[in-house]
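Right, one structure below, let's go through it.
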Amino acid sequence: MHPALGLAALLRDRGHEVMVAGAAFFQGYVKTLGFPYHPLKSVPFGMGFESWVSEVQKKKFLYWSSLHARLTDRLYAEREKELVQVLDTFRPDAVVLDCAQATDFVILYPHLKSRGVRIAMLHAMFPAYILPGRPPGNSDVFPADEEGVDEAMENLERKQHEKAQRQKLKYFGFDDRYLIARRLRKNGVPKKYISTLPNLLNFSVDQIPQFICMPPEFDFPGFETPPAHHHIGFTRWTRMVASSQEYTDRMAAILKQKDSQKAKLLYCAFGTLEADTKGRVMRILLTLLAVVKHTNHILIVSTKLKNGLPALPDNVHVFDFVPQVDLLQHADLFISHGGFNSVVESIEAEVPLLLYPVHDDFDPRGNTTRAVYHGMGRRGSEDDTEADMLEKITDLLGNGLYKECIRSMKQNNARYSNETFIDVFHPVLID
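In our numbering, the protein residues as written are -17 to 413.
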């Protein structure tokens, strides 16, 4: 959402009328930023949401409801109804879709074609498609490890195949990819628009303008971007997070303590936690607390797991949430899960990274691998001992090379100005 809003603001500032559509959860936040917002109750089809929707709607028989939804294409029909309503109400000249919801392209294609509406795609995170020889975005390997790259690809393809087979057996052949293929045929989507590259997602598009919210220097070198894809750099968008009075008051005292003791400030956050990651994060946090307890460092942790933590020493402070961009201005080290926004904000604040990628499915592992490859930080393991973690923290705080590498990446990104995006986006408006 944040990179998309940054680009929307650039277009609005240049006189374009911009409307944002998405999950109702974001409505209040987006409207405070001055954008008209159309909340969508539906979810993208072909992405396995049938069971979740049946559960949210409190269906009595979850399996049969999910199967019926697949047989009747219910999620497709609900999504199409809402997206067509958006087109009818706002009559856009151009539509920009999030690549993480690329199946919306399948729905919109016949409607946009008949109305003459142009379309582009936005990669708000590291792209999910996989170029030949490039490690998948959810892997820990580097390109030079050809055997490791091959193994990562084999594992990805095996897991995707096994998932499809489980769905086929469970839903009598109506798996996610079948649902997508069925609608591609019915909607007459030309094959040229269907990407043949391997992908972490079930579907991606090709041969239409796509904007990648990072500089190419963040990726591994030596890979050629597809012709219609445009790197526009990390979008310069500050997350609007209000500071609580508790945070404001405690931070004043913490910063005073930092200055008086000439201490280093460590900041730790692991993003939104899924049920299967909470135990892994807790192990890392307990090790971190044990390490910091015997140092002069000050540690600030943002987590919803604070009730499971032991008694805290005086140099450790825990919050439910913090205004991360503001806090990073004072931090000497960021201990993170490797989410894209967090890595970008760390680069902008010139703060080295200690990365524990506990989320396995999408980009955090790939983000951390690239951060380590470019010398901006180090990667940890949930099995790190106190000695392992202390060695990494000491190295990251004492070796100025990490900060130099981060500054170099920041300088690379500075070459991609706001005008860079406007220049490459302009044809979408006038073609």
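Positions of the beta carbon are idealized from the N, C-alpha and C atoms, including for glycine.
Owing to the predicted nature of the structure, the values given are computational and were not obtained by experimental measurement.
Residue i - containing alpha helix (DSSP H), residue span
i       : result
Tyr11   : 9 to 14
Gln393  : 383 to 396
Ile266  : 260 to 274
Phe87   : 85 to 97
Ser242  : 227 to 243
Phe72   : 56 to 72
Arg(-6) : -16 to -5
Ala146  : 128 to 152
Leu161  : 158 to 168
Gly321  : Where Gly321 is concerned, there is no enclosing alpha helix (DSSP H), given that its DSSP letter is neither H nor E.
Gly367  : The identity of residue 367 in the sequence shown is Thr, whereas the question assumes Gly. Element bounds for Thr367: n/a, residue is neither H nor E.
Asp308  : 306 to 310
Ser33   : 32 to 38
DSSP beta-bridge partners of residue i
i      : result
Gly4   : Pro21
Ile194 : His105, His213
Leu335 : Phe316, Gly359
His299 : Ile282
Phe187 : The identity of residue 187 in the sequence shown is Val, whereas the question assumes Phe. The partner list for Val187 (beta bridge, DSSP) reads Ile176.
Arg100 : Ala76
Tyr111 : Asn181
Residue i burial status per 10 Å Cβ neighbour count (16 or more: buried)
i        : result
Ala6     : exposed
Phe156   : buried
Glu37    : exposed
Arg347   : buried
His408   : exposed
His143   : exposed
Ser96    : exposed
Gly(-12) : buried
His211   : buried
Asp419   : A query on residue 419 cannot be resolved here, the shown segment of the chain reaching from -17 to 413 and no further.
Lys374   : buried
Phe344   : buried
Gly359   : buried
Beta-carbon proximity of residue i to residue j, cut-off 7 Å
i       : j        : result
Tyr414  : Val2     : The first residue shown for the chain is -17 and the last is 413, placing residue 414 beyond what the model contains.
Ile416  : Lys392   : This structure gives no information on residue 416, because the portion of the chain shown stretches from -17 to 413.
Leu182  : Ala235   : no
Ala418  : Pro191   : Nothing about residue 418 can be read from this structure; the chain reaches only from -17 to 413.
Asn394  : Phe216   : no
Leu287  : Ala76    : no
Val88   : Arg165   : yes
Phe403  : Ile214   : yes
Phe193  : Tyr355   : no
Tyr249  : Ala146   : no
Gly320  : Thr285   : no
Leu237  : Ile280   : no
Tyr384  : Pro197   : no
Leu(-8) : Asn400   : yes
Met371  : Val274   : no
Leu315  : Glu327   : no
Asn323  : His(-16) : yes
Val307  : Val283   : no
Asn184  : Arg159   : yes
Start-to-end residues for the beta strand (DSSP E) that takes in residue i
i      : result
Asp80  : 76 to 80
Leu247 : 247 to 251
**contact_flag[the segment 106 to 122, the segment 31 to 47] where n(CB pairs < 8 Å) is 3 or more** = no
**Prompt:** Is the segment 336 to 345 touching the segment 256 to 273 in the sense that three or more CB pairs, one from each, lie closer than 8 Å?
**Reply:** yes
**Asked** Using 8 Å as the Cβ pair cut-off and three pairs as the minimum, do the segment 52 to 68 and the segment 24 to 42 touch?
**Response** yes
**Item:** Segment contact, 8 Å Cβ cut-off, at least three pairs: the segment 268 to 288 with the segment 363 to 381
**Value:** yes
**Message:** Counting beta carbon pairs with one atom in the segment 169 to 176 and one in the segment 147 to 154, are three or more of them shorter than 8 Å?
**Reply:** no
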